[in-house]
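Only one structure is covered here, and it is reproduced in the block below.
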Ligand SMILES: Nc1ncnc2c1ncn2[C@@H]1O[C@H](COP(=O)(O)OP(=O)(O)OP(=O)(O)O)[C@@H](O)[C@H]1O
Ligand SMILES: [Mg+2]
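What follows is the structure, encoded as structure tokens:
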């Protein structure tokens, strides 16, 4: 139980932490990309302004000054293009030129990077992105627009930087999550320890209290039953009272036994378990409960297969099936049928205890294994029950590496299925 809570705590902690780290990484990525883009654009604008200063407009034609050396202005991964006002290319310098048409209204243009070719196609795909910045050329004498300079730059370096950032952030997040996971395991262990200890103390207390209650209850029971053996010496009213005391004491003894069992039953080490034949345990129980079923006019039938060997504690397993058979008999009215069936699927043994009794309402089906839970009508059916029988059955099944489940229909009957791992024989 605590292991599950620990994992849940650790998982929630890691989910919250991973979300925070994710938000942080996205914020860093966005801010970094924006400032890097801005820096690149500023640099290209500065180059474009330098190039536009070296363009001349003479005789209605845009020309580049003869003493201007564009290669001094641009680096290897950059290029320059001059356009007239109609967008016609006049000259260009450098390799990484944009092939997109000039769009004077759009200062920044980006080309490539996305593969538009279908998978497997041999068509050339521009993997390297190119950014272009368009700067207008204004004639110095009349302040008229005479053309445009478009400066372009390969974004390979830019993309590489972003890729390194992504790797850095991704790696950092994974490392942080691994380390915080280790830290989380230690922290949850520390946080759960006092709770586990107090739970153990509470369990111990329940076990001690139940144990201590046994002797006084036994004394009350003996003293209440003793006068009933001499009915002549007590009046009928007193006999009734003694009877009530004896029956209440029986009920309390039953309850303390169940509480003691639940408080003491933890995952029992199975080294001392024996190899058992479940078939003989069930046969003994059927012999034991046959008379009770006959008195109640219930048809107790069984269908047991061979090879039901498993390792376990015979006392505990007897208790498990006793609880199921008692329930089936108690919650089935006269004339009904209780059937015990076994089967083996692979390495699992299945035992079905099916009845044609009162059934369990769908809204109650999840509660039947809860400690002290009893359906309202069950309280009047069988007054001495405490609601611990199925909780005990479940603990025993789990201790044996098995499971217990139920299907039921109100007023039609219930079927409890116990699955236990068998040993191959
Ligand atoms: N075969 C069944 N048919 C119908 N209802 C059932 C059946 N078995 C269990 N229940 C319901 O589940 C409740 C819990 O069962 P459980 O065996 O835990 O307690 P109990 O039989 O009431 O008391 P005890 O602790 O003495 O066994 C019962 O009170 C009853 O309402
Ligand atoms: Mg019961």
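In the numbering used here, the protein residues as written are -17 to 407. Think of the CB as a built atom: it goes at the ideal place given N, C-alpha and C, for glycine as much as any other residue. On a predicted model such as this, the values are computed, not experimentally measured, just so you know.
Assigned with DSSP and collapsed to three states, residue 84 falls in coil, not helix or strand. Between ligand 1 and the CB of residue 339, the shortest heavy atom gap is smaller than 7 angstroms. Of the heavy atoms belonging to ligand 1, none sits nearer than 7 angstroms to the Cβ of residue 334. Boundaries around residue -5 are those of the alpha helix (DSSP H), -16 to 35, since no beta strand (DSSP E) includes it. Put simply, of 193, 66, 259 and 256 the residue whose alpha carbon is nearest the alpha carbon of residue 235 is 193. For the set 300, 349, 397 and 310, the Cα lying nearest the Cα of residue 378 is the one of 300. If you compare the alpha carbons of 73, 168, 65 and 41 with that of residue 52, the shortest gap goes to 73. No Cβ-Cβ contact shorter than 8 angstroms links residue 405 with residue 286. In this structure residue 64 is buried. Its beta-carbon is surrounded by 16 or more other beta-carbon atoms within 10 angstroms. Under the DSSP assignment, residue 118 falls in the beta strand (DSSP E) whose first and last residues are 112 to 120. For residue 313, there is no enclosing alpha helix (DSSP H), as DSSP gives it neither H nor E.
Between residue 357 and residue 337, the beta carbon gap of about 14 angstroms keeps them out of contact (Cβ cut-off 8 angstroms). Residue environment for residue 165: exposed (fewer than 16 other C-beta atoms within 10 angstroms of its C-beta). Looking at the DSSP output, residue 398 bridges to 335 and 388. The region 70 to 86 makes contact with the region 39 to 59; the number of CB pairs closer than 8 angstroms reaches 3 or more. Here residue 398 has 306, 335 and 388 as same chain residues with Cβ atoms under 6 angstroms from its own Cβ, once five neighbours each way along the sequence are excluded. With contact defined as three or more Cβ pairs closer than 8 angstroms, the region 335 to 355 and the region 256 to 276 are not in contact.
If you look at residue 255, you'll find it isn't in any alpha helix (DSSP H); DSSP assigns it neither H nor E.
Sequence-distant partners of residue 242 (beyond 5 residues in either direction) whose C-beta falls short of 7 angstroms from its own C-beta, in its chain, are 189, 192 and 193. Check the Cα spacing between residue 18 and each of 113, 205, 199 and 331: the tightest is with 113. When distances are taken from the beta-carbon of residue 302 to the heavy atoms of ligand 2, even the shortest one reaches 7 angstroms or more. Residue 216 carries a coil assignment under DSSP once its states are collapsed to helix, strand and coil. Under the criterion of beta carbons closer than 8 angstroms, residue 128 and residue 115 do not qualify as touching, at roughly 18 angstroms. Around the beta carbon of residue 171, a 10 Å sphere encloses fewer than 16 other beta carbons of the protein chains shown; the residue is thus reported as exposed. With contacts defined by Cβ atoms closer than 8 angstroms, residue 302 and residue 261 do not form a contacting pair. Rounded to whole angstroms, the gap between the alpha carbons of residue 202 and residue 213 is 18 angstroms. Contact between the region 172 to 183 and the region 12 to 29 is absent: fewer than three C-beta pairs spanning the two stretches fall below 8 angstroms.
Between the alpha carbons of residue 89 and residue 23 lies a distance of about 10 angstroms.
The nearest non-hydrogen atom of ligand 1 is less than 7 angstroms from the C-beta of residue 310. The beta carbons of residue 374 and residue 240 sit closer together than 8 angstroms.
In this structure, the CA atom of residue 33 is about 13 angstroms from the CA atom of residue 44. In the DSSP assignment, the residues bridged to residue 281 are 319. Residue 328: not part of any alpha helix (DSSP H); DSSP gives it neither H nor E.
Beta-bridge analysis with DSSP links residue 43 to 40.
Comparing alpha carbon positions, the residue from 330, 135 and 269 closest to residue 62 is 135. For residue 342, the shortest separation between its Cβ and any heavy atom of ligand 1 lies below 7 angstroms.
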